[in-house]
Structure formats: structure tokens, C-alpha cells
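Engineer:
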């Protein structure tokens, strides 16, 4: 049964895909700039071969989506597939025309639209494909320094543009990627991992659903200072890619729960998918 909330999520993913495609076709591609992630690779290939960048975007994301479906499955990948497919369609529909003459302006506005689209996708519970799916897979099994990995991958693509085409375009591309990251951080969260402290009267129900993600959960006995009533607080560490699902679980199970979400700099010890 399709719920109204599911349709709302699909609408938000589609809107995010439209913003991403608009950033590509109206600001980045006309100036031969790059975005970060796999979309940047598809742009690079398209610039040098003349192939359709929208189709390249889909083909390059396809194996990553299949990998994510096998390893992750369920809601995150379904929404990510919707985003990639919608972005591919919008890339064919939105005209590839330059609405400004300055590459720097193109980088600023293109990066802003990409950040808005990607951030909206993450807040909905999916992603815009590419490195976000790879990041979700990696952070489910190990505490990888994902930020550094993504920085190295993005830098490699941008440096290739500089060596093969133009260093001014490469620097503008770096500006676009930086702005996109800032916008995503503003809409969603900056750190890859977060810790959630949940004070709830429905401890068993929420813990059961969190364990099904799967994620480890710690139960802490607490007492209200004013009411002196006994409570149970759940503590769990999750990733930015699963945060939307965590919010959804808490809202559906106990809307009155008190939740404090803090950014986690590092995790020492086991942080992997439960077997």
C-alpha cells in the first residue's frame, strides 16, 4: 500500500533531481566545469568524447546502484534509484544552454543548485547516487575516513581536468564542489557519523526497529530531575545516510520522544553491520 508520505518523499527526490540537472545543464556543462563524484567523471568523459552526459551519468551510476541494492537494499537505494533516473530524464529535458558568461558565476550558482538537490535527497532518506552510495556502504562496515577518501577522489577528477583541458576551469570546478558541500552541510549535517540520544516511553518498539537497520543500541537508565520519574534512554551511532530513516522511525513510533542528535568525530571499536 502506497502511503501519502511515500508520495511526498518521491516528490522531494524528484525536485532534488530537477535542481541537480538544472545546475548541470544551465551552469556547469556550458562552461565545461565539473561537479564532484561520479557525475564529475561522466562530465569529463562527455567533454572529451561528445557522448551524452545524461546517459553517461546513468551508466556510471548503474553498477554503484546495483552494488548498493545488494549490500544495503530497501528505502535508501530505492530513493537513490528514483533520484538517478529522474536526474537522467531532466538532463535530457532541460536545454544545455549558458545563461551567464562568467565561469565563476556558473560555478557558484551551479554548486548551489547541486548542494540544494543533494541535501534535499539526503534529508528525504536517499541520495543523488555516486559517492553517497559508496559512502553509505563503506560507513556501514568500517569507520573509514570517508571525508578524506571523497576529497582524494574528487581532487583526482578535477586535477585531470586541469592537466587535460584548462586550469582555470579546474579551479572553478573546485569552487563549485566546495560550495555544493557547504550547502549540503547547511541543509543536512556535516559529519558522516552522528550519535542519537533518545528519551522515550516506547523503548522496546524503537529499539526493535533500530536493530533491524541494523545498528547497535545501548539502553541507559535515566531519571527526570524535576519529575523524578524513571525513563530509559537509547543511544545509537548512525551515519548521515541513515539519519532520515532514524528520524522517520522515531516520528512514527513515539512522536513525543525527546531526541538529541550530536555530531560524532570518531568511533573507536566495532562499527559495522551486525551479522
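Residue numbers (this note's numbering): 4 to 278.
Positions of the beta carbon are idealized from the N, C-alpha and C atoms, including for glycine.
Can you name the residues that DSSP bridges to residue 28?
Structural biologist: None, per the DSSP bridge assignment.
Engineer: Return the chain-ordered list of same chain residues with a C-beta closer than 8 Å to the C-beta of residue 190, the five sequence neighbours on each side being excluded.
Structural biologist: Around residue 190: 118, 119, 122, 123, 125 and 126.
Engineer: Quick one, which of 69, 44, 70 and 71 has its alpha-carbon nearest residue 58's?
Structural biologist: The shortest Cα separation from residue 58 among 69, 44, 70 and 71 belongs to 44.
Engineer: If the criterion is Cβ atoms closer than 9 Å, does the pair residue 110 and residue 158 meet it?
Structural biologist: It is not a contact, given that the beta carbons lie outside the stated cut-off.
Engineer: Is the region 203-218 touching the region 63-75 in the sense that three or more CB pairs, one from each, lie closer than 8 Å?
Structural biologist: No, because fewer than three Cβ pairs between the region 63-75 and the region 203-218 fall closer than 8 Å, the two stretches do not touch.
Engineer: In whole angstroms, give me the CA-to-CA distance for residue 78 and residue 248.
Structural biologist: Each residue's alpha carbon lies about 8 Å from the other.
Engineer: Reducing DSSP to helix, strand and coil, say where residue 237 ends up.
Structural biologist: The answer is strand: DSSP assigns residue 237 an E or B state.
Engineer: Just to confirm before moving on: does the CB-CB distance between residue 92 and residue 131 stay below 9 Å?
Structural biologist: Not closer than 9 Å, so no.
Engineer: Tell whether a beta-carbon distance below 9 Å holds between residue 68 and residue 24.
Structural biologist: No, the pair does not count as a contact, with Cβ atoms beyond the cut-off.
Engineer: Whose C-beta lies closer than 7 Å to the C-beta of residue 133 among residues of the same chain, with five residues either side of it excluded?
Structural biologist: Here the set comprises 40, 41, 42, 64 and 67.
Engineer: Would residue 235 and residue 202 qualify as a contact pair, given that the criterion is a beta-carbon distance under 9 Å?
Structural biologist: In this structure, residue 202 lies closer than 9 Å to residue 235 by Cβ.
Engineer: Of all the options 239, 169, 26 and 85, which has the alpha carbon lying nearest to the alpha carbon of residue 183?
Structural biologist: Among 239, 169, 26 and 85, the Cα nearest to that of residue 183 belongs to 26.
Engineer: By the DSSP assignment, the alpha helix (DSSP H) with residue 186 in it spans what residues?
Structural biologist: Segment 170-190, the alpha helix (DSSP H) holding residue 186.
Engineer: Can you give, in chain order, each stretch of the beta strand (DSSP E) that sits fully within the region 81-145 and has at least 3 residues?
Structural biologist: DSSP runs (the beta strand (DSSP E)) wholly in the region 81-145: none.
Engineer: Report the option in 204, 230, 229 and 223 whose CA atom is closest to the CA atom of residue 257.
Structural biologist: Checking every option, the nearest Cα to that of residue 257 belongs to 204.
Engineer: Just to confirm, are residue 10 and residue 85 a CB contact at a threshold of 9 Å?
Structural biologist: No, the pair does not count as a contact, with Cβ atoms beyond the cut-off.
Engineer: Between which residues of its own chain and residue 174 is the CB-CB distance below 6 Å, once the five residues before and five after are set aside?
Structural biologist: Hits under 6 Å: none found.
Engineer: With 16 as the cutoff for other CB atoms within 10 Å, does residue 21 come out buried or exposed?
Structural biologist: That one is buried.
Engineer: What number of angstroms, rounded off, separates the C-alpha of residue 255 from the C-alpha of residue 208?
Structural biologist: Computed Cα separation, rounded: 10 Å.
Engineer: What span of residues does the alpha helix (DSSP H) with residue 201 cover, start to end?
Structural biologist: Run containing residue 201: none in the alpha helix (DSSP H); it sits in the beta strand (DSSP E), 196-203.
Engineer: Mind checking whether residue 30 and residue 37 have CB atoms under 9 Å apart?
Structural biologist: Cβ atoms of residue 30 and residue 37: not closer than 9 Å.
Engineer: Is the beta carbon of residue 199 closer than 9 Å to that of residue 242?
Structural biologist: Result no, Cβ atoms of residue 242 and residue 199 do not sit closer than 9 Å.
Engineer: Between residue 17 and the rest of its own chain, which residues show a CB-CB distance below 6 Å, the 5 nearest in sequence each way excluded?
Structural biologist: Cβ within range, chain order: 89.
Engineer: Taking DSSP as the reference, what is the three-state secondary structure of residue 259?
Structural biologist: In this structure, residue 259 counts as coil in the three-state DSSP scheme.
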